[in-house]
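Numbering (the working numbering), first residue to last: 7 to 181. Quick reminder that beta carbons are idealized off the backbone N, C-alpha and C, glycines included. Quick caveat, the model's predicted, so the values are computed rather than measured.
Have a look at this one:
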């Protein structure tokens, strides 16, 4: 019976490792042993310099999921794939993932696939410096975030008084 396993990879190489593993599975005709290679990702909307763009982000950096019928041949194929480190588990024993864990992961991925998440580069309470606009070079603290619109509210001191100013994310930088 096939079970899901988490395989540790070099960080940032999940996509490349998954593709190479799939190619090795196909070239060695092992589709009946390793039935699925899955990299949980989501699409995130980033706003940089006023431009919205959608980027793919790994939900579990440094891991890929593999559905396989456990065998030494399958284990070696995965272990010998460039970029893999080890199977997740304890005491060097691979631990299969629980079915409900995998189901939750698949549901999260499917839900997030419907609508890209907004990613804010800043956090509430963070100190920032204004780099563009009428308040250039002033420093302040992020009060509110509106990542969908790419805007934030910064509290700046004008004439000794805290004043909220709405700015676009690209108009400020972290200090």
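Separation of residue 174 and residue 156 (C-alpha to C-alpha, rounded to the nearest whole angstrom) is 6 Å. Under a 10 Å Cβ-count criterion, residue 10 is classified as buried, with 16 or more other Cβ atoms of the shown protein chains found around its own Cβ. If you ignore the 5 residues before and after residue 128, its C-beta comes within less than 8 Å of the C-beta of 134, 148, 151, 158, 175, 178, 180, all in its own chain and listed in chain order. Straight through space, the alpha carbons of residue 114 and residue 39 are spaced by roughly 26 Å. CA-CA distance, residue 87 to residue 119, rounds to 28 Å. DSSP, read as helix, strand or coil, puts residue 131 in coil. When C-alpha distances from residue 72 are compared across 27, 166, 140, 162, the shortest belongs to 27.
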